[in-house]
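**Student:**
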Amino acid sequence: MSVPYALEGKTILITGAAGGIGSETARVCAEQGAALVLADREAPEALAAELRAQGSAAQAIAFDVTDRTAAEAAVQRLDRLDALVANAGYCPWDDWNADGWDDVFRQVIDINLLGVMHLTRAALAKMAPQGSGRMVLVSSVAARMGGLAASPHYVAAKGGTHAFVKWLARKGAESGITVNSVAPGATATAMVQGAALDANRIPLRRMAQPREIALPIAFLCSDGASYICGATLDVNGGVYMN
Numbered sequence: 001m002s003v004p005y006a007l008e009g010k011t012i013l014i015t016g017a018a019g020g021i022g023s024e025t026a027r028v029c030a031e032q033g034a035a036l037v038l039a040d041r042e043a044p045e046a047l048a049a050e051l052r053a054q055g056s057a058a059q060a061i062a063f064d065v066t067d068r069t070a071a072e073a074a075v076q077r078l079d080r081l082d083a084l085v086a087n088a089g090y091c092p093w094d095d096w097n098a099d100g101w102d103d104v105f106r107q108v109i110d111i112n113l114l115g116v117m118h119l120t121r122a123a124l125a126k127m128a129p130q131g132s133g134r135m136v137l138v139s140s141v142a143a144r145m146g147g148l149a150a151s152p153h154y155v156a157a158k159g160g161t162h163a164f165v166k167w168l169a170r171k172g173a174e175s176g177i178t179v180n181s182v183a184p185g186a187t188a189t190a191m192v193q194g195a196a197l198d199a200n201r202i203p204l205r206r207m208a209q210p211r212e213i214a215l216p217i218a219f220l221c222s223d224g225a226s227y228i229c230g231a232t233l234d235v236n237g238g239v240y241m242n
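The sequence shown begins at 1 in UniProt numbering and counts up by one.
1. Assuming G19 and T161 are in contact, meaning their beta carbons sit under 8 Å apart, how far apart are those beta carbons, in whole angstroms?
2. Report buried or exposed for D82, applying the criterion of at least 16 other Cβ atoms within 10 angstroms of its Cβ.
3. Thinking C-alpha only, which one of V182, A86, P129, G131 is nearest L113?
4. So for L233, helix, strand or coil by DSSP?
5. Between which two residues does the alpha helix (DSSP H) holding S23 run?
6. What are the start and end residues of each continuous alpha helix (DSSP H) run of 4 or more residues lying completely inside the segment 149 to 191, in chain order?
7. Can you give me the Cβ contacts of A60 inside the same chain, cut-off strictly under 6 Å, excluding the 5 residues immediately before and after it?
8. If I measure Cβ to Cβ from P203 and keep anything under 7 Å in the same chain, skipping five residues before and after, which residues do I get?
9. Rank S139, D110, V75, W101 by C-alpha distance to the C-alpha of P184 and give the top, closest one.
10. L215 and I177: beta carbons closer than 8 Å?
11. If we ignore side chains and look at the alpha-carbon of each, how far apart do N242 and M145 end up?
12. Can you give me the C-alpha to C-alpha distance between D234 and T25, rounded to a whole angstrom?
13. If the criterion is Cβ atoms closer than 8 Å, does the pair A98 and V65 meet it?
14. Taking the runs of the beta strand (DSSP E) that are 3 residues or longer, which of them lie wholly in the segment 90 to 141?
15. Would you kindly report the start and end of the unbroken beta strand (DSSP E) that includes T66?
16. Quick one: give me the first and last residue of the beta strand (DSSP E) that L84 is part of.
17. Using beta-carbon positions only, say whether M127 and S181 come within less than 8 Å of one another.
18. So, at 8 Å on beta carbons, what are the nonlocal neighbours of L78 in its own chain, with the 5 sequence-adjacent residues on each side left out?
19. Counting C-beta neighbours from all protein chains within 10 Å, is the total for P129 16 or more, i.e. buried, or is it exposed?
20. If you drop the 5 nearest sequence neighbours on each side, which residues of the same chain put their C-beta closer than 8 Å to that of G167?
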């Protein structure tokens, strides 16, 4: 009897794999038996070596999600792709009155929204002939409530992701591919260090640990989530309740 949440035999591509949520997602998926392709702007070789030492199949690759040609080439080189975790993200924690805001705005939109579109477009073409696949887009509670401390361009980009996941879910369903998103709340990663976050505003009175975000992501990659399509799963300690 198969275990519905296991990931044996599945090849999963994780972008932003060097970060807190990305690296922990890789560890959780490895525990469940997945073969991993770990991607970031610089190949996360140390993480891949860590997972291989534990008996998992893992390779590290480097590409920039904002470069559509590079993203497409990286996906096309894979022998198979069963699940994509689009996790690469960037939040500068500044506002639109800062010097150089135009450049920062473009960078935030390119990474958090256009990068997701580049990647999922390539993944859809790879998965469609298989007749199956999972895509999990990592969004943010900032898209739900305007953010606790996030910049306006980050909020807008993640809001775009929430809308895009619905369109992509309809498109992917035509080929047996499910598309969903996970919207984390404040999480104890390097990206939130220095942000003015008050944990007392969170009903659970603490930030999430990366593993608490990784576990729901891994679930959405599994057969246990086979009938979940077009959903955004809120994982935020109760700061936003839908």
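From the three backbone atoms N, C-alpha and C, an ideal C-beta is built for every residue, glycine too.
**Tutor:** So, to answer that:
1. The residue labelled residue 19 in the question sits at position 19 within the sequence shown. The residue labelled residue 161 in the question sits at position 161 within the sequence shown. Between T161 and G19 the Cβ distance is about 17 Å, and since that is not below 8 Å, they are no contact.
2. In the sequence shown, the residue the question calls residue 82 occupies position 82. Buried is the call here.
3. Mapped onto the sequence shown, residue 113 falls at position 113. Just measuring C-alpha positions, the residue of V182, A86, P129, G131 sitting nearest L113 is A86.
4. Position 233 of the sequence shown holds residue 233. Strand.
5. Within the sequence shown, numbered from 1, the residue matching residue 23 stands at position 23. From DSSP, the alpha helix (DSSP H) with S23 extends over 20 to 31.
6. Those alpha helix (DSSP H) runs which fall completely within the segment 149 to 191 and span 4+ residues are 152 to 173.
7. Here the question's residue 60 lines up with position 60 in the sequence shown. The residues are L38, A43, P44, E45, A48.
8. The residue labelled residue 203 in the question sits at position 203 within the sequence shown. If the five residues before and after P203 are omitted, its C-beta is found closer than 7 Å to the C-beta atoms of G237, G238, V239, all from its own chain and listed in chain order.
9. Sequence index remark: in the sequence shown, residue 184 carries index 184 (1-based). Closest by alpha carbon: S139.
10. Translated into positions along the sequence shown, residue 215 becomes position 215. Translated into positions along the sequence shown, residue 177 becomes position 177. Contact flag unset, no.
11. Along the sequence shown, read from residue 1 onward, the residue named residue 242 stands at position 242. Along the sequence shown, read from residue 1 onward, the residue named residue 145 stands at position 145. Whole-angstrom Cα-Cα distance: 11 Å.
12. Residue mapping note: residue 234 aligns to position 234 of the sequence shown, counting from 1. Residue mapping note: residue 25 aligns to position 25 of the sequence shown, counting from 1. The alpha-carbon atoms of D234 and T25 are separated by roughly 16 Å.
13. Within the sequence shown, numbered from 1, the residue matching residue 98 stands at position 98. Within the sequence shown, numbered from 1, the residue matching residue 65 stands at position 65. At the C-beta level, A98 and V65 stay beyond 8 Å of one another.
14. The segment 90 to 141 contains, as complete beta strand (DSSP E) runs of 3+ residues, the segments 133 to 138 (chain order).
15. Within the sequence shown, numbered from 1, the residue matching residue 66 stands at position 66. From DSSP, T66 is part of no beta strand (DSSP E); its letter is neither H nor E.
16. To locate residue 84, count along the sequence shown from 1; it is residue 84. For L84, the enclosing beta strand (DSSP E) stretches over residues 83 to 86.
17. Counted from its first residue, the sequence shown places residue 127 at position 127. Counted from its first residue, the sequence shown places residue 181 at position 181. No, the pair does not count as a contact, with Cβ atoms beyond the cut-off.
18. Here residue 78 corresponds to residue number 78 of the sequence shown, with the count starting at 1. T11, L13, V37, K126.
19. The residue you call residue 129 lines up with position 129 of the sequence shown. Of the other Cβ atoms in all chains shown, fewer than 16 fall within 10 Å of the Cβ of P129; this residue is therefore exposed.
20. Walking along the sequence shown from the start, residue 167 turns up at place 167. At residue 167 the sequence reads Trp, which differs from the Gly that was named. Answer for W167: no residue qualifies.
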